[in-house]
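Enquirer:
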Amino acid sequence: MIHARGVAKVYENGTQALQEIDLQVAAGELVYVVGASGAGKTTLLKLLLGMEKPTAGELEVAGISLGKAQAEDIRRLRRLTGAVFQDFKLIPGRTALENVALSLRVLGVPWSENRQRSLAVLEEVGLADRVGSMVQTLSWGERQRVALARAVVREPRLLLADEPTGNLDATSVGFVAAVLARAGEKGITRVVATHDTRLLEMLPGRVLLLEGGRLHQVAGAGRKDRQ
Amino acid sequence: MFTNLGYFFAEAWRDAKNRPVAVIFSLVSITLLLLFAAFVFAGGEEVQWLVGQLGEETAVTVFLKEDVTGEQVAVLEEKLAALEGVTAIRFVSQEEALEEMNKVLGSHSAELAALAGFNPFLSYFEVGVRPEQGLAVARQAENLPGVDGVRDSRQTMERLTRLSTVLRLGALFTLIFVGVVMMITISHIVHLGLLAREEEMEIYRLLGAGPWFAVMPFLLQGSLLGLAGGMLAFLLSLLFFPLLFSRLLAALPFLPLRPGVEVALAVGPVLVVTGLLFGLCGSLLAQSHANH
Ligand SMILES: Nc1ncnc2c1ncn2[C@@H]1O[C@H](COP(=O)(O)OP(=O)(O)OP(=O)(O)O)[C@@H](O)[C@H]1O
Ligand SMILES: [Mg+2]
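Shown next, in the form of C-alpha cells:
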C-alpha cells in the first residue's frame, strides 16, 4: 500500500522535517509512528495524503506516485483515504452528524444510506447522544472522535490518524482502539501517529520511531497485523 | 453530482440565510436592473406593434383645398384612380371628416388632430395603394389641381420603423449593460461567499472533493438570485405596465397601443431567461476568480 524510498522533506523555510525515509506498509497493516514533538510525524502523514510533496526520494501510495502527482491523482488518493487530522479540521457551525456525513457526500453516497452509516459510526465512537450537537460545542475529546468517525465512515482503503487519542480518557481510547481494530477486519491499512502507550497496549501493531526526521523500526518488525 | 443536488440547494439556502442583507440587497438591485431593461424592451415592443398595426392600412390621404367644387372633386377622383398602383378611392367630405375626427379623438379633436398632423376641416380622398407605389402616388397626387396636401402613411411608418429599430437596438444594449452590471453584482456576492468559506473548501479538498463540490451551492445561489430577480421584475412589469399604458392611452387616445399585460407577457420570458443566464455567468465568473 505504501512504498517509500529515500524520501525527504525540506520545508520552504529550510527546516529538514524528514530524511532518508524507507518504508513499506502492506495492505491491511497497522503501523504506529511514534516520536517526540517536532520529530516529523505530522509531516509524514501529510506526505501520505498529498498535502505536501516530498523534496527527494520516491513515494507511492495505493499505486499513486506522489512525487509527480497531478491534482486529479491526489484527489483519487484522498477519496480512498480516511484521515484524522491533529487539529481535526471539522467544520464549525455544523452538527457532528453533518461533519461525518460530509465524508460520504463528497463520494456521492445518497443521503439515506449516508445518514444511516454516519449514525452507526458515531455510535461506534461513543457519540450516539451527540449527533445533533454543533461541533464547536463539543469537548476536545468528543471532537476528536467525530474526526475519527468522519475518517472511517467511508470505509477507506487507507486510514491515516494523527494522534487520534491525544485528548481522550481511557474509555474513549477504548472506542478508538475498537474502531481501529474493526477497520483492520475490513482490510483497511492504518498508519497512526501517536505517543499514547495505552493505545499501543490495547491494540498492538508495528511501531516505527521517528527521531529528528529519521525512521527506526522499534517493534513488530515485518509483522502484518490483521486483527 | 446529482445525488448531492438536494444538499447543494440546502447549502445555497443556508448560506443565503447567513447573510440575508447582502442577498436581499443584490436581489433588489438585480430586480431593478431587469425592470429597467423591461421598460426599454416594452418601448421597442410597443412601437414594433404600432408599425404592424399601421402597416395594414397603407394609404395616401389626399387633402383637398377648402374652396374645391364638386366638379373638381369628380375630375380629381378620375385622375387619382388613373395613377399607377392605386387600388381604391374613398371620398370623405368636410362634414364626414369632422365627424370621423370627433369619433376617434373625442372632445379634444382639434388639438389632437394638429398633433397627428392633419387638418380636420378639409375634405379628403383616402387612396388605397399598393405598398411599393405609395411614395410615387403621393408625389404625383401632390401636383394635381385642387390638392392642398398629401399625407403618406408610409412616411410615418418609415419613421416608426426607424424608431422601433433604434429602440430595439437600445433594448439590446440595455440588456447587455444590465447583464454586465448583474454579473458583477452576482459575482461579487458569490465571491464573498466563497471567501468566507475558504477553510471549509480546504477541508472538502482534503476529503477528496472535486472543484465543483464547494462551488455548486454558489452556482445555484447565483443562478437562483438571477432567476428570482427576473421573475420579480416580470411580476412588477405585469403590475406596472397595464397602469402605465392606461395612463399613456388616456393621454394619447389615437395611438393603437398594445395592452400593457400583453407587453409584460411578451417581455417576461426575456427577463427570466436573462436573469438566470447572467446569474449563472456571474457565479461562474466568481468561481473562476476564486480558483486562481
Ligand atoms: N509548514 C511548515 N513549514 C515549516 N516547517 C514546518 C512546517 N510544518 C512543520 N514544520 C517543522 O517540521 C518539523 C516536524 O514537524 P511535525 O509537525 O511533522 O512534527 P510532529 O512530529 O507532528 O510534532 P507533534 O508531535 O508536536 O505534532 C518541526 O520542526 C516543525 O517545526
Ligand atoms: Mg504532529
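Residue numbers (my numbering), protein chains in the order written: chain B, 9 to 235; chain L, 522 to 813. Glycine is no exception: its CB is placed at the ideal position from the N, C-alpha and C atoms.
1. Cβ of residue 705/L less than 8 Å from any chain B Cβ?
2. What are the boundary residues of the alpha helix (DSSP H) that residue 723/L is part of?
3. Look at residue 241/B and residue 152/B and say whether their C-beta atoms are less than 8 Å apart.
4. Are there any heavy atoms of ligand 2 lying less than 7 Å away from the beta-carbon of residue 24/B, as far as the coordinates show?
5. Report the three-state DSSP secondary structure of residue 19/B (helix, strand or coil).
6. Count the C-beta pairs between the stretch 44 to 51 of chain B and the stretch 63 to 79 of chain B that are closer than 8 Å, then say yes if the count reaches three, no if not.
7. When burial is assigned at 16 or more other CB atoms within 10 Å of the CB, is residue 12/B buried or exposed?
8. By the DSSP assignment, the beta strand (DSSP E) with residue 113/B in it spans what residues?
9. What does residue 714/L touch in chain B if you count any residue whose Cβ is under 9 Å from its own?
10. Could you give the DSSP three-state label for residue 615/L: helix, strand or coil?
11. Only counting the same chain, and skipping five residues up and downstream in sequence, which positions put a Cβ closer than 7 Å to that of residue 35/B?
12. Closer than 6 Å from C-beta to any heavy atom of ligand 2: which residues, in chain order?
13. May I ask you to check if the CB of residue 128/B is nearer than 7 Å to at least one heavy atom of ligand 1?
14. What does residue 730/L reach in chain B if we use C-beta pairs closer than 7 Å?
15. Check whether the Cβ atoms of residue 92/B and residue 156/B sit closer than 8 Å, and answer yes or no.
16. Which same chain residues, not among the five before or five after residue 234/B, have their C-beta less than 7 Å away from its C-beta?
17. Buried or exposed for residue 177/B, going by 16 or more other Cβ atoms inside 10 Å?
18. Contact criterion: CB-CB distance below 8 Å. Does residue 148/B meet it with respect to chain L?
19. Establish whether the CB of residue 111/B and some CB of chain L are separated by less than 8 Å.
20. Going by beta-carbon coordinates alone, are residue 563/L and residue 647/L separated by less than 8 Å?
21. Could you tell me whether any non-hydrogen atom of ligand 1 is closer than 7 Å to the CB of residue 64/B?
22. State the DSSP-derived secondary structure class of residue 180/B, mapped to helix, strand or coil.
23. Tell me whether residue 538/L is buried or exposed, calling it buried when 16 or more other Cβ atoms sit within 10 Å of its Cβ.
24. Counting only C-beta atoms, is residue 573/L closer than 8 Å to chain B at any point?
25. Run through the DSSP bridge pairs and tell me what residue 73/B is partnered with.
26. Determine the DSSP secondary structure at residue 712/L, reduced to helix, strand or coil.
27. With DSSP as the reference, please indicate the residues paired to residue 581/L in a beta bridge.
28. For residue 727/L, go through chain B and note every residue whose CB falls closer than 8 Å to its CB, in chain order.
29. Do we get a CB-CB distance below 8 Å when we pair residue 62/B with the residues of chain L?
30. Mind checking whether residue 744/L and residue 685/L have CB atoms under 8 Å apart?
31. In this structure, how does DSSP classify residue 196/B when only helix, strand and coil are distinguished?
32. At the 8 Å Cβ level, is residue 721/L part of the contact set with chain B, yes or no?
33. Can the beta-carbon of residue 174/B be found less than 8 Å from the beta-carbon of residue 524/L?
34. If you count every other CB in all the chains shown that lies within 10 Å of the CB of residue 526/L, and 16 or more means buried, which is it?
35. Specify the secondary structure class of residue 202/B as computed by DSSP and reduced to three states.
36. Does any heavy atom of ligand 1 sit closer than 7 Å to the C-beta of residue 178/B?
Expert: In brief:
1. Here residue 705/L is taken as the residue at index 184 of the second sequence, counted from 1. It does not; no Cβ of chain B falls within 8 Å.
2. Taking the second sequence and counting its residues from 1, one reaches residue 723/L at position 202. That run of the alpha helix (DSSP H) goes 719 to 727.
3. Nothing can be reported for residue 241/B, as the shown portion of chain B is limited to 9 through 235.
4. Taking the first residue of the first sequence as 1, we reach residue 24/B at position 16. No, Cβ of residue 24/B sits at least 7 Å from all heavy atoms of ligand 2.
5. Position 11 of the first sequence, counting from 1, holds the residue named residue 19/B. Coil.
6. no
7. Sequence index remark: in the first sequence, residue 12/B carries index 4 (1-based). By the neighbour-count rule (16 or more Cβ atoms within 10 Å), residue 12/B is buried.
8. Mapped onto the first sequence, residue 113/B falls at position 105. Careful: residue 113/B lies outside any beta strand (DSSP E), inside the alpha helix (DSSP H) at 104 to 114.
9. Your numbering for residue 714/L matches position 193 in the second sequence. Result: empty, since nearest Cβ-Cβ is about 14 Å, beyond 9 Å.
10. Walking along the second sequence from the start, residue 615/L turns up at place 94. DSSP places residue 615/L in helix when its eight states are reduced to three.
11. For this step, residue 35/B is matched to residue 27 along the first sequence. Answer for residue 35/B: 9, 195 and 197, listed in chain order.
12. 49/B, 50/B, 94/B and 170/B
13. As a first step, residue 128/B must be located in the first sequence, where it is residue number 120. Not so, every heavy atom of ligand 1 lies at least 7 Å from the Cβ.
14. Taking the first residue of the second sequence as position 1, residue 730/L is located at position 209. Ordered by position in chain B, the residues that pass the 7 Å Cβ test against residue 730/L are 114.
15. As a first step, residue 92/B must be located in the first sequence, where it is residue number 84. As a first step, residue 156/B must be located in the first sequence, where it is residue number 148. A contact, by the Cβ cut-off of 8 Å.
16. Residue numbering aside, residue 234/B sits at position 226 when the first sequence is read from its first letter. Any reading at residue 234/B must be qualified, since the residue scores a pLDDT of 39, below 50, and its modelled position is unreliable; the value itself is stated next. 36 and 192.
17. Here residue 177/B is taken as the residue at index 169 of the first sequence, counted from 1. Exposed, since its Cβ has fewer than 16 Cβ neighbours within 10 Å.
18. Counting from 1 along the first sequence, the entry for residue 148/B is found at position 140. No - not a single Cβ of chain L is within 8 Å of the one on residue 148/B.
19. Numbered from its first residue, the first sequence carries residue 111/B at position 103. At least one chain L Cβ lies under 8 Å of residue 111/B.
20. For this step, residue 563/L is matched to residue 42 along the second sequence. For this step, residue 647/L is matched to residue 126 along the second sequence. Going by C-beta atoms, residue 563/L is not nearer than 8 Å to residue 647/L.
21. In the first sequence, residue 64/B corresponds to position 56, counting from 1. No, the Cβ of residue 64/B stays beyond 7 Å of every heavy atom of ligand 1.
22. Taking the first residue of the first sequence as 1, we reach residue 180/B at position 172. Residue state, collapsed to three classes: helix.
23. Residue numbering aside, residue 538/L sits at position 17 when the second sequence is read from its first letter. That one is exposed.
24. Locating residue 573/L in the second sequence gives position 52, where the first residue counts as 1. Chain B, which has no Cβ nearer than 8 Å to the Cβ of residue 573/L, makes this no.
25. If you number the first sequence from 1, residue 73/B lands on position 65. Note: residue 73/B sits in a beta bridge opposite 68/B.
26. Here residue 712/L corresponds to residue number 191 of the second sequence, with the count starting at 1. Of the three classes helix, strand and coil, the one that applies to residue 712/L here is helix, per DSSP.
27. One-based indexing of the second sequence puts residue 581/L at position 60. In DSSP, residue 581/L forms a bridge with 648/L and 673/L.
28. Within the second sequence, residue 727/L is the residue found at index 206, counting from 1. Simply 57, 59, 86, 91, 93 and 97.
29. Against the first sequence, residue 62/B aligns to sequence position 54. It does not: the Cβ of residue 62/B has no partner Cβ on chain L nearer than 8 Å.
30. Position 223 of the second sequence holds residue 744/L. Position 164 of the second sequence holds residue 685/L. In this structure, residue 685/L does not lie closer than 8 Å to residue 744/L by Cβ.
31. What you label residue 196/B is simply residue 188 of the first sequence in a count that begins at 1. Three-state DSSP puts residue 196/B in coil, outside helix and strand.
32. Position 200 of the second sequence holds residue 721/L. It does; some Cβ of chain B falls within 8 Å.
33. For the purposes of this step, residue 174/B is taken as the residue at position 166 of the first sequence. For the purposes of this step, residue 524/L is taken as the residue at position 3 of the second sequence. In this structure, residue 524/L does not lie closer than 8 Å to residue 174/B by Cβ.
34. Locating residue 526/L in the second sequence gives position 5, where the first residue counts as 1. Looking at its Cβ environment, which holds fewer than 16 other Cβ atoms inside 10 Å, residue 526/L is exposed.
35. For this step, residue 202/B is matched to residue 194 along the first sequence. Three-state result, residue 202/B: coil.
36. As a first step, residue 178/B is located in the first sequence; it is residue number 170 there, counting from the start. No, since every heavy atom of ligand 1 falls outside the 7 Å radius drawn around the Cβ of residue 178/B.
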